[in-house]
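In this note's numbering, the protein residues as written are 517 to 788.
By construction, the Cβ of each residue, glycine as well, lies at the ideal position given by its N, Cα and C atoms.
Everything numeric in this text was worked out from a predicted model, so none of it was measured.
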Amino acid sequence: MKYVLSGAEVFYRGSLTAADLLISDGVIADIAPSLPYIPGAEVFKIEGCTVFPGLSDVHVHLREPGFSYKETIASGTAAAARGGFTTVCAMPNLNPVPDCLANLRQELDIIEKDARITVLPYGSITKGENGRELSDMDSLAPYVMAFSDDGKGVQSEGLMEAAMKKAKSLGKIIVAHCEENSLLNGGYIHAGAYARAHGHPGIVSESEWRPIKRDVELAKKTGCAYHVCHVSAKESVELIRQAKKSGVDVSSETAPHYLLLCDEDLREDGRF
Numbered sequence: 517m518k519y520v521l522s523g524a525e526v527f528y529r530g531s532l533t534a535a536d537l538l539i540s541d542g543v544i545a546d547i548a549p550s551l552p553y554i555p556g557a558e559v560f561k562i563e564g565c566t567v568f569p570g571l572s573d574v575h576v577h578l579r580e581p582g583f584s585y586k587e588t589i590a591s592g593t594a595a596a597a598r599g600g601f602t603t604v605c606a607m608p609n610l611n612p613v614p615d616c617l618a619n620l621r622q623e624l625d626i627i628e629k630d631a632r633i634t635v636l637p638y639g640s641i642t643k644g645e646n647g648r649e650l651s652d653m654d655s656l657a658p659y660v661m662a663f664s665d666d667g668k669g670v671q672s673e674g675l676m677e678a679a680m681k682k683a684k685s686l687g688k689i690i691v692a693h694c695e696e697n698s699l700l701n702g703g704y705i706h707a708g709a710y711a712r713a714h715g716h717p718g719i720v721s722e723s724e725w726r727p728i729k730r731d732v733e734l735a736k737k738t739g740c741a742y743h744v745c746h747v748s749a750k751e752s753v754e755l756i757r758q759a760k761k762s763g764v765d766v767s768s769e770t771a772p773h774y775l776l777l778c779d780e781d782l783r784e785d786g787r788f
């Protein structure tokens with residue numbers, strides 16, 4: 517089946533340009549300022565729309581295996597496809613944790629059966645994400661896009677250094693959930709004016725930026741590619757900025773709620 521998308525702005529070769537697209541059997545077959553009449557092709561006029569390449573998300577939770585009451589690979593990838601995402605990277609806080617090839621195989625089988633788009637799984641950094649012993653990174657490496665203990669911070673500096681050395685040897689990235697457990701103190705919102713005014717236990721920003729400071733130094737030492745998950749503190753941003761300037765192979769991500777909301781937006785009546 518052939519379709520022509522006509523009249524849109526198309527992000528193509530690095531810029532936006534007015535163009536038509538020919539789609540043949542699900543593949544973009546031609547992009548041109550104005551396509552000629554194509555027998556048998558159904559034409560869709562989409563003036564005012566913008567066409568982009570498929571988007572990628574490096575941090576999603578598809579929750580299978582183990583937590584399908586929260587999400588499934590089928591439902592999560594269907595939602596991703598509807599939003600224009602063609603590749604997602606699935607975090608490893610699952611049951612079983614993909615810390616060896618046998619456990620990862622369960623996830624890969626569901627991906628092969630149910631995924632609507634490309635799913636690249638993570639392997640865990642440590643066995644069971646327990647922070648005590650490295651996962652079987654050698655056997656996982658051909659099948660995962662990177663290693664992460666997302667949901668938990670790797671507390672041991674020595675273990676993180678060993679993980680980075682191994683990941684470097686395998687050509688893989690370490691993707692870190694940065695959280696210093698000794699600084700959490702039962703907190704559940706930012707340790708700011710709102711928490712103090714309403715008697716809530718707070719979480720200090722240092723619980724995030726201190727592990728980042730440790731890890732960027734380890735990344736510089738080992739040469740490992742390093743990615744920081746869900747950055748939320750200004751000190752973290754500055755550490756990452758300076759590390760990048762000094763040549764450390766570091767990248768990072770944030771999330772909409774960190775950009776648009778803060779603890780001062782909280783309320784005591786459940787509306788937040």
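Quiz item: In this structure, does DSSP put E525 in helix, strand or coil?
Solution: For the purposes of this step, residue 525 is taken as the residue at position 9 of the sequence shown. DSSP places E525 in strand when its eight states are reduced to three.
Exercise. Starting from the C-beta of A759, find all residues in its chain whose C-beta is less than 8 Å away, skip the five residues before and the five after it, and write them out in chain order.
Key: Numbered from its first residue, the sequence shown carries residue 759 at position 243. Answer for A759: V732, A735, K736, V766, listed in chain order.
Exercise. Please state if the CB of A534 and the CB of C605 are separated by a distance shorter than 9 Å.
Key: Translated into the one-based positions of the sequence shown, residue 605 becomes position 89. Translated into the one-based positions of the sequence shown, residue 534 becomes position 18. Their beta carbons are not under 9 Å apart, which means C605 does not touch A534 by this criterion.
Practice problem: Compute the Euclidean distance between the alpha carbons of R579 and L551, then round it to the nearest angstrom. | Solution: To locate residue 579, count along the sequence shown from 1; it is residue 63. To locate residue 551, count along the sequence shown from 1; it is residue 35. For R579 and L551, the gap between their C-alpha atoms comes out near 44 Å.
Practice problem: Taking only the alpha-carbon atoms, compute the straight-line gap between S584 and G592 and give it to the nearest angstrom. | Solution: Residue numbering aside, residue 584 sits at position 68 when the sequence shown is read from its first letter. Residue numbering aside, residue 592 sits at position 76 when the sequence shown is read from its first letter. Each residue's alpha carbon lies about 10 Å from the other.
Practice problem: Determine the extent of the alpha helix (DSSP H) in which T738 is found, giving its start and end residues. | Solution: Residue 738 sits at position 222 when you count from the first residue of the sequence shown. 722-738 is the span of the alpha helix (DSSP H), which, as asked, contains T738.
Exercise. Within the same chain, show all residues whose beta-carbon is closer than 6 Å to that of A524, passing over the 5 residues directly before and after it, in chain order.
Key: To locate residue 524, count along the sequence shown from 1; it is residue 8. Within the same chain, A524 has close Cβ partners I562, C565, V567.
Quiz item: Ordered along the chain, which non-local residues of its own chain (more than five positions away) have a Cβ less than 8 Å from that of I539?
Solution: The residue you call residue 539 lines up with position 23 of the sequence shown. Contacts found: K518, Y519, V520, L521, A545.
Quiz item: What residues match up with R567 in a beta bridge as DSSP calls it?
Solution: Sequence index remark: in the sequence shown, residue 567 carries index 51 (1-based). According to the sequence displayed, residue 567 carries Val and not Arg. According to DSSP, which records beta bridges pairwise, V567 is partnered with V526.
Practice problem: If I'm right that S723 touches E769 with Cβ under 8 Å, what's the distance once you round it to whole angstroms? | Solution: Along the sequence shown, one-based indexing puts residue 723 at 207. Along the sequence shown, one-based indexing puts residue 769 at 253. Not a contact, Cβ separation roughly 18 Å.
Quiz item: Around the C-beta of K688, are 16 or more other C-beta atoms found within 10 angstroms, so that it is buried, or is it exposed?
Solution: In the sequence shown, the residue the question calls residue 688 occupies position 172. Looking at its Cβ environment, which holds 16 or more other Cβ atoms inside 10 Å, K688 is buried.
Quiz item: So who's on the other strand from P608, going by DSSP bridges?
Solution: Counting from 1 along the sequence shown, the entry for residue 608 is found at position 92. Beta-bridge pairing links P608 to no other residue.
Quiz item: Just the Cα atoms here: how many angstroms apart are G739 and G763?
Solution: Taking the sequence shown and counting its residues from 1, one reaches residue 739 at position 223. Taking the sequence shown and counting its residues from 1, one reaches residue 763 at position 247. Looking at the two C-alpha atoms, the distance is approximately 10 Å.
Quiz item: For G599, does the three-state DSSP call read helix, strand or coil?
Solution: Residue 599 sits at position 83 when you count from the first residue of the sequence shown. Note: G599 maps to coil in three-state DSSP.
Self-check item: Stretch-stretch touch, CB-based, cutoff 8 Å, three pairs: the segment 637-646 with the segment 663-671
Solution: yes
Practice problem: Measure from the alpha carbon of V753 to the alpha carbon of each residue in K729, Q671, G600, then state which is nearest. | Solution: By 1-based counting over the sequence shown, the position of residue 753 is 237. For V753, the nearest C-alpha among the options comes from K729.
Self-check item: Where the alpha helix (DSSP H) through K682 begins and ends
Solution: For this step, residue 682 is matched to residue 166 along the sequence shown. Note, K682: alpha helix (DSSP H), 673-686.
Quiz item: Curious, which full-length alpha helix (DSSP H) runs of at least 4 residues does the segment 602-668 contain?
Solution: 617-630, 653-656
Quiz item: With distances taken between CB atoms, is the gap from T602 to L636 smaller than 9 Å?
Solution: Here residue 602 is taken as the residue at index 86 of the sequence shown, counted from 1. Here residue 636 is taken as the residue at index 120 of the sequence shown, counted from 1. Contact flag unset, no.
Quiz prompt | 9 Å Cβ cutoff met for A457 and I690 | solution = Look at the range of the chain in this structure, 517 to 788, and you will see that residue 457 is not part of it.
Quiz item: Does the beta-carbon of L620 have 16 or more other beta-carbons within 10 angstroms, so that it is buried, or is it exposed?
Solution: Mapped onto the sequence shown, residue 620 falls at position 104. Answer is buried; the Cβ neighbour count reaches 16.
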